[in-house]
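What follows is a set of notes on a single structure, which appears directly below.
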Amino acid sequence: MSDAAERRALAEELARYNTRVAQPDDPPLFTRAPKPAMVPLHWKAADIERLLSRIGANLKLESGGQRRTLRLTNPGLPYGTTTTLWCSIQYILPGEIATAHRHTATALRFIMTGDGAHTTVDGERYAMRKGDLVLTPSLAWHDHEHRGDEPMIWLDVLDISLVRALDATMFEPGTSELQTTAPVAERSMLEYGSGLMRPLGRRGSFPAAPVPVYSWTRALEVLERAASLDPDPYHDTAFEYRDPVTGGHALSTIGTVLQRLRPGMRGQMHRNTGTSVFYVVRGHGRIEIESQAFDWGPGDFVAIPSWHAHAIGNASTADDAILFHVNDRPALEKLGLFHESFD
Ligand code: GTQ
Ligand code: FE2
Numbered sequence: 008m009s010d011a012a013e014r015r016a017l018a019e020e021l022a023r024y025n026t027r028v029a030q031p032d033d034p035p036l037f038t039r040a041p042k043p044a045m046v047p048l049h050w051k052a053a054d055i056e057r058l059l060s061r062i063g064a065n066l067k068l069e070s071g072g073q074r075r076t077l078r079l080t081n082p083g084l085p086y087g088t089t090t091t092l093w094c095s096i097q098y099i100l101p102g103e104i105a106t107a108h109r110h111t112a113t114a115l116r117f118i119m120t121g122d123g124a125h126t127t128v129d130g131e132r133y134a135m136r137k138g139d140l141v142l143t144p145s146l147a148w149h150d151h152e153h154r155g156d157e158p159m160i161w162l163d164v165l166d167i168s169l170v171r172a173l174d175a176t177m178f179e180p181g182t183s184e185l186q187t188t189a190p191v192a193e194r195s196m197l198e199y200g201s202g203l204m205r206p207l208g209r210r211g212s213f214p215a216a217p218v219p220v221y222s223w224t225r226a227l228e229v230l231e232r233a234a235s236l237d238p239d240p241y242h243d244t245a246f247e248y249r250d251p252v253t254g255g256h257a258l259s260t261i262g263t264v265l266q267r268l269r270p271g272m273r274g275q276m277h278r279n280t281g282t283s284v285f286y287v288v289r290g291h292g293r294i295e296i297e298s299q300a301f302d303w304g305p306g307d308f309v310a311i312p313s314w315h316a317h318a319i320g321n322a323s324t325a326d327d328a329i330l331f332h333v334n335d336r337p338a339l340e341k342l343g344l345f346h347e348s349f350d
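For the sequence shown, my numbering begins at 8 and goes up steadily by one.
See the structure below:
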């Protein structure tokens with residue numbers, strides 16, 4: 008019998024004892040480079056807006072802190088937006104609340120439209136305004152309450168697929184609908200919000216994500232003040248949101264970036280392990296991902312699979328473009344699996 012036939016003949020017997028040998032038709036175990044099942048994808052703002060207004064009109068919030076969300080999916084994956092991340096667009100009507108809870112998955116929100124909602128993260132209450140980034144690290148208690156008078160839309164990003172792959176999913180509902188809030192509002196912003204100094208004499212460790220809300224006005228100011236610097240050839244002006252106490256990533260598993268492309272900027276091709284999702288805050292441009300090209304505009308989303316070469320450019324020679332993106336780089340770095348290549 009040939010070796011291949013020998014292997015096939017053995018398979019049934021081995022399987023009975025929960026064992027196996029490599030079979031001739033097994034796909035290669037090690038590939039020279041990552042071969043993701045996830046595919047590059049572009050969601051257009053007009054489609055998302057139409058679908059959101061349908062779910063806004065037709066889906067009621069169920070009791071128990073359910074949300075009305077439009078999940079971004081990928082045809083190459085059984086669930087989720089990327090191999091590790093879930094991006095959902097949450098549509099919140101005035102008067103609605105999301106009840107207090109916590110989970111091991113790390114989460115963030117980026118406010119797409121509207122204001123008037125408040126979030127409480129581990130007892131600290133913060134306003135949520137357009138362009139703000141709100142962080143809920145693993146096991147931070149959080150709830151939201153929308154007391155404004157117009158619908159709000161925000162992007163939720165969670166590392167659900169990563170946490171599921173590691174069988175570390177936990178969820179705990181709060182004991183009341185909304186948390187009791189601390190007497191001093193936005194206290195951690197007062198303590199750590201400068202990013203330059205921190206209180207002297209603090210005992211014990213600093214909290215994870217010591218500042219839960221990164222305001223749009225301050226993030227934009229950083230980009231605008233950096234506009235006079237020479238452009239990075241790949242990213243132009245891109246800044247990562249960081250933990251102001253440690254200087255590390257703002258969240259331990261999810262990377263967050265705000266990027267400005269000056270008029271006429273065309274970035275060069277590069278690739279890295281890990282996945283990302285881009286959200287266009289303003290402007291028009293093009294992203295090339297391997298052999299594909301997507302022309303994006305305000306409100307669009309684009310997902311990039313691991314190790315896919317990509318280059319981003321601003322299509323306008325008059326206006327800048329601003330993008331918010333998320334990635335799983337902090338998790339990969341911690342595992343020693345982050346690699347990049349500048350082609
Ligand atoms: O707002 O806390 O889209 O826990 C999915 C899970 C949002 C949230 C989601 C969540 C949340
Ligand atoms: Fe949550």
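Each residue gets a CB set at the ideal place from its N, CA and C atoms; glycine is no exception.
Handout entry: Backbone CA spacing between R194 and S348 [nearest angstrom]
Key = As a working mapping, residue 194 is identified with position 187 in the sequence shown. As a working mapping, residue 348 is identified with position 341 in the sequence shown. When rounded, the distance between both Cα atoms is 41 Å.
Exercise for the section: Out of I160, P144 and G130, state which residue places its alpha-carbon closest to the alpha-carbon of A192. Expected result: Indexing the sequence shown from 1 puts residue 192 at position 185. Residue G130 is the option with its Cα nearest to A192.
Exercise for the section: State whether the segment 124-140 contacts the segment 38-52, with contact taken as three or more CB pairs (one from each stretch) at a distance under 8 Å. Expected result: no
Exercise for the section: Tell me P180's beta-bridge partners as DSSP assigns them. Expected result: Looking up residue 180 in the sequence shown gives position 173. Per DSSP, H108.
Problem - Contacting residues, own chain, Cβ-Cβ under 8 Å from H277 (five flanking each side not counted) - result: Within the sequence shown, the letter at position 270 stands for residue 277. Only Y241, A316, H317, A318, E347, S348, F349 and D350 meet the Cβ criterion.
Problem - Cross-strand partners of D243 (DSSP beta bridge) - result: Looking up residue 243 in the sequence shown gives position 236. D243 is bridged to D239.
Exercise for the section: Can you tell me which of L185, A134 and L227 puts its alpha carbon nearest to the alpha carbon of G121? Expected result: Taking the first residue of the sequence shown as 1, we reach residue 121 at position 114. Comparing Cα-Cα distances from G121 to each of L185, A134 and L227, the minimum goes to A134.
Problem - Nonlocal neighbours in the same chain, by C-beta distance under 7 Å from A18, ignoring five residues either side - result: As a position in the sequence shown, residue 18 is number 11, starting the count at 1. Counting only Cβ-Cβ distances below 7 Å, and skipping sequence neighbours, we find R27 and Q30.
Practice task
Find the nearest neighbour of V288 within the set A300, D326 and I311, judged by alpha-carbon distance.
Solution key: Along the sequence shown, one-based indexing puts residue 288 at 281. When only C-alpha atoms are compared, the closest one is D326.
Practice task
Note down the Cα distance separating R109 from R15, rounded to an integer number of angstroms.
Solution key: By 1-based counting over the sequence shown, the position of residue 109 is 102. By 1-based counting over the sequence shown, the position of residue 15 is 8. When rounded, the distance between both Cα atoms is 48 Å.
Handout entry: Distance cut-off 7 Å: Q97 Cβ against heavy atoms of the ligand GTQ
Key = In the sequence shown, residue 97 corresponds to position 90, counting from 1. Yes, the ligand GTQ has a heavy atom inside 7 Å of this Cβ.
Exercise for the section: For R57, count neighbouring Cβ atoms within 10 angstroms of its own Cβ and tell me buried if that reaches 16, exposed if not. Expected result: Taking the first residue of the sequence shown as position 1, residue 57 is located at position 50. By the 10 Å Cβ count, R57 comes out exposed.
Problem - Sub-8 Å separation of A215 and I167 beta-carbons - result: Counted from its first residue, the sequence shown places residue 215 at position 208. Counted from its first residue, the sequence shown places residue 167 at position 160. The answer is no: Cβ separation not under 8 Å.
Problem - Straight-line gap, G155 to I96 (C-alpha atoms, nearest Å) - result: Translated into the one-based positions of the sequence shown, residue 155 becomes position 148. Translated into the one-based positions of the sequence shown, residue 96 becomes position 89. For G155 and I96, the distance between alpha carbons rounds to 18 Å.
Practice task
Look at the Cβ atom of T76, then the Cβ atom of L169, and state whether they are nearer than 8 Å.
Solution key: Counting from one through the sequence shown, the residue named residue 76 turns up at place 69. Counting from one through the sequence shown, the residue named residue 169 turns up at place 162. Against a cut-off of 8 Å, the Cβ pair of L169 and T76 comes out as no contact.
Exercise for the section: Starting from the N-terminal side, write out each stretch of the beta strand (DSSP E) that is 3 residues or longer and does not extend beyond the segment 91-161. Expected result: 93-99, 104-110, 114-120, 124-128, 131-135, 140-143 and 149-153
Handout entry: Neighbour-count burial assignment, I160, 16 or more Cβ in a 10 Å radius
Key = Within the sequence shown, the letter at position 153 stands for residue 160. The residue in question, I160, is buried, as its Cβ has 16 or more Cβ neighbours within 10 Å.
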